[in-house]
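Residue numbers (the numbering used here), protein chains in the order written: chain U, 884 to 1273; chain F, 884 to 1273.
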C-alpha cells in the first residue's frame, strides 16, 4: 500500500495552511473547513489507483497513514447501467449504488477516512452528530479502530439507525432537535473532553473519503465523465468532494478538463442550499422547521455552504427540490422496475432527473449518473405493508 | 464479455447428461440435481477472470448467455482480515462479507445466475420457495429481468423479508409451514402453470452463482486457499458450490491440489445435515419441527443432501451445531469488536470457529475464512433496544 502524497491542509475560506502532522479539525486562523492538498506532481508518477478492491486503492490521495487504513470493505461499489432511464424516456442512466458499502451507505467512505486519520494521529475518543446513516458508519469504524464514540441523533430518527449504531457499541444520545442541534452538542462535548469531532466539514477526512466516489465513477466510465451527476444533498460534502476528485484526476493526467454538470437535490421541505443557490447567495441561511422522510436530507444548515454553492456554480449545475411523495413514488418505481431497493435520498435523484429531463435541461443523449446513497432496509416504514412505524 | 464454456449438464446422482440449449431444471432420467460442466481445457486458454468487478468476471464458467447477465452488482464482496480471531485467541481469521451484495445477502449470486439463465433460455415466469433472503434476491433479479415472480415463504418469516420482496413487485405467498412446505407449493405451481422453479438444487444455476464465492476467496488470498472455511448451511448449495469452484480452478491451473477443510454449521434446533454427517449417512432424514432465529438455517430437508455430505467428507471437514443464544452472543461480539453487522448465520460461523479452536481441530496458525452471508438489518428484532418483533 503506497504512501499518501498529502502535503498540507488548506482552509476553504481564508486559504491559511496547516501542518498535516497534528490532529486538527478546522482552520486555526478563521475556523473554516480544511481541505487536504497533495503533492500531485509527485503522485503523477505513482500507480494510482492501485490494483485490488475498495477505497484504499486511492490511498495515495487520502490523508490517512497506513496504520489508520481500517478495512471494512468501503468503496468499490457498482456503477449500474440502468434501463430505467430508457423506460421513463429520459435517456441513458447509471446508478452508483452506495448501499454496497459497509453499514449499507455512502457514509462509510467519509468515516473510514476521518476515523482512520484521527486514530493514526492519536485521537483517543470520537464524537459525531448525525441525521442517521453517518452515526452507523462512524460507529462501525470506531469499533474497527477500537476508539470509543458518542453519536448525537435527532430523537425521532428511525429505530433502525439507533439499533445499528448501538450494535457497534456506540453511545447513542437522542436530541430534541435536528442535526444542527446535535452538532452543537457534539461540539460542546469535543470542547469539554477532547473527543475528536467528526461533524461534516469540521474535519478534512470526510470530504476526502467521499472523493473516492468521483474517482470510481471516472474509472468505471473509462475516464470519460458523464454529462450530468445528480446527488442528494444534506450537508453537501459529496458535492464538494466530487468536484475536488475531478480536479485531482485532471492533475494526475487521468481525465481532461471536461466536467459534468452537478445537480444538487434537497427535500422541498428542507432546502436551505437550494434556496441559496436560486437566490444567487454565497452562503445559505438556516432553514426553519425542516422536515422530510429522507433523514439524510434533514439538514437545516451546512457548515460547508460556501464550498458547496461554489462547486455547484463552477460546474454550471442546478439545485432542485423534490417532495416526500415523489421520493416515495420513485423509490417504488426503482425497486419494481430495476431491482434496486433505494433509500428516499436515492429515489430523490431519479425524481430530479425526470424533472430536469422534462424541462429540457438534460438532453436526451446526455449520460446521467444518479447516486443511491444507501439501502431502503433502514427505511422499511416507508414501504407498503410495513407495520412498524420506523 | 466472454462466451461461456458451458458444455453440458450432468446429474449429480445418476450421471446422466442433458443438453444446455433447453431450459430444464432437474435430471430428465432420475429427477436428481443437475450440475453444469464446462470445457475446462478450452477455458484454460482464456482470460478468466476478466478484469473489472463482480460475478460476471467469471462468465466463462457460468451457464448464462450474454443476454441473461443482468447487472445489479452481485459478487466482488470484500474478504476482510479480522482482528477478532486474534482477540478471541483463535488464530488468523478472514470474513467474507456477503452483505455487500445486492439485497444485502449471498443469495444474490445464485439468483443472478439462475434467473439470467432462465430468462435467456425463454422462461416467461418464475417461482421460488424461500426461508427469507432468497425471496428478496430472486425478486430483485426478477425485476431486473422483467419476469414475474411468485415466492412462497413461511408465514412467520420476519417482516423485513416480506416488505423487501414485495417492493420488487414479487407476489409473496405466506405458507403455514417451513421451507419444505413452501417448496411443495412452488413445485405444484411450476407444474400447474409452467413457471420456472428456482428452488435450491432444482435447477443448476444457483450452485454456479454461489461458486463465485470460492473463486473470489482463491483470488483474494493470492491463489493460496485457507486451511479452513466455515459456512452456515441451510440447503447446502454453498458447500457444494465451494468444492466445485476449487476443482474448476485447479483444472484451469490457477490453484494446486490443496483444499481447505469445509465446516458446515447448522442451528442445533434444525440440523438435519449435521445429524446425517455425524451418523455417517449418505442422505439426510427430514428434521421434525425445526426452528431457529437464523431464518436461513430453518431448512429441515435439503434436496442436495447427498452432494453436500459428499463434498464435506471429501474435504476432511466437520459439521457442527450452535445454539440461537450463541448466534446472538457472537453477533454482538462481531459488531462491537469488528464493526460488522452480521446476520445470525454469520455469527454462527464465529461460534463454530471458537468451538473447533477450543477442541484443537483448528490449529492456532491455520487460516480460517468465515462467511457473513447477509446483513443484520433484516434481523433488527434480535438486537437490544429494538421494539419491533420482526
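Glycine included, C-beta positions come from ideal geometry on N, C-alpha and C. Just so you know, these numbers come straight off a predicted model, no measurement behind them.
Beta-carbon contacts of residue i that lie in its chain and below 7 Å, excluding the five residues immediately before and after
i	result
residue 1069/F	1010, 1011, 1012, 1035, 1080 and 1082
residue 850/U	No answer is possible for residue 850/U: it lies beyond the span of chain U, which begins at 884 and ends at 1273.
residue 1230/U	1210, 1213, 1214 and 1217
residue 1247/F	974
residue 931/U	941, 943, 944 and 1135
residue 1165/U	1189 and 1192
residue 997/U	1081, 1086, 1088, 1089 and 1092
residue 1122/U	1114, 1116, 1145, 1147, 1191, 1194 and 1195
residue 1249/U	974, 1110 and 1111
Distance between beta carbons of residue j and residue i, contact taken as under 8 Å
i	j	result
residue 1063/U	residue 1169/U	7 Å
residue 1258/U	residue 1226/U	6 Å
residue 1152/U	residue 1179/U	No, residue 1152/U and residue 1179/U are not in contact; Cβ-Cβ is about 14 Å, not under 8 Å.
residue 957/F	residue 935/F	Going by Cβ atoms, the distance from residue 957/F to residue 935/F rounds to 13 Å, so no, they are not a contact pair.
Residue i and residue j closer than 8 Å at C-beta
i	j	result
residue 1018/F	residue 991/F	no
residue 1021/U	residue 955/U	no
residue 1143/U	residue 1112/U	yes
residue 1084/U	residue 1120/U	yes
residue 962/U	residue 1100/U	yes
residue 1097/U	residue 1128/U	yes
residue 927/U	residue 1057/U	no
residue 1065/U	residue 1041/U	no
residue 1150/U	residue 1159/U	no
residue 1061/U	residue 964/U	no
residue 1118/F	residue 1198/F	no
residue 1014/F	residue 1181/F	yes
Cβ neighbours of residue i in the same chain (closer than 8 Å, five flanking residues each side left out)
i	result
residue 884/U	Low per-residue confidence applies at residue 884/U: pLDDT is 49, beneath 50, and the placement is therefore not dependable enough to give any value.
residue 1238/F	1203 and 1205
residue 1162/F	none
residue 1265/U	1176, 1211, 1214, 1227, 1259 and 1273
residue 887/U	921, 942, 943, 944, 945, 946, 947 and 948
residue 901/F	891, 892, 893, 894, 907, 910, 911 and 917
residue 1140/U	1133
residue 1076/U	1008
Residues near residue i in its chain [Cβ-Cβ closer than 6 Å; skip 5 each side]
i	result
residue 1055/U	1034, 1045, 1048 and 1049
residue 1260/U	none
residue 1126/F	1194
residue 1132/F	1101 and 1138
residue 899/U	910 and 912
residue 999/U	947, 951, 952 and 953
Nearest candidate by alpha-carbon position, reference residue i, set the options
i	options	result
residue 1114/U	1237/U, 1228/U, 908/U and 971/U	1228/U
residue 1109/F	975/F, 1085/F and 1221/F	975/F
residue 1208/U	1189/U, 1220/U and 1235/U	1235/U
residue 915/F	1187/F, 1153/F and 1147/F	1187/F
residue 993/F	1117/F, 1124/F, 1157/F and 908/F	1124/F
residue 903/U	962/U, 1005/U, 973/U and 972/U	1005/U
residue 1148/F	1172/F, 1192/F and 1140/F	1192/F
residue 972/F	1051/F, 1251/F, 1269/F and 1270/F	1251/F
residue 1030/U	1014/U, 1040/U, 1053/U and 1039/U	1053/U
residue 995/F	1015/F, 1094/F, 1078/F and 1072/F	1094/F
residue 1028/U	1268/F, 966/F, 1233/F and 1158/F	966/F
residue 977/U	1232/U, 957/U, 1051/U and 1190/U	1232/U
residue 1032/F	1224/F, 1078/F and 999/F	1078/F
residue 1219/U	1152/U, 1267/U, 1122/U and 1075/U	1267/U
residue 1200/F	960/F, 1157/F and 1153/F	1157/F
residue 1103/U	1223/U, 1071/U, 1122/U and 979/U	979/U
residue 1008/U	1171/U, 1074/U, 960/U and 1016/U	1074/U
residue 1223/F	1224/U, 1269/U and 1026/U	1026/U
residue 970/F	1221/F, 1244/F and 1255/F	1221/F
Distance cut-off 7 Å: residue i Cβ against heavy atoms of the ligand NAD
i	result
residue 1107/F	This structure simply doesn't include the ligand NAD, nor any ligand for that matter.
Cβ contact (3+ pairs, closer than 8 Å) linking the region 977-997 of chain F and the region 978-998 of chain U: Judged by Cβ distances under 8 Å, the region 977-997 of chain F makes contact with the region 978-998 of chain U, as three or more pairs qualify.
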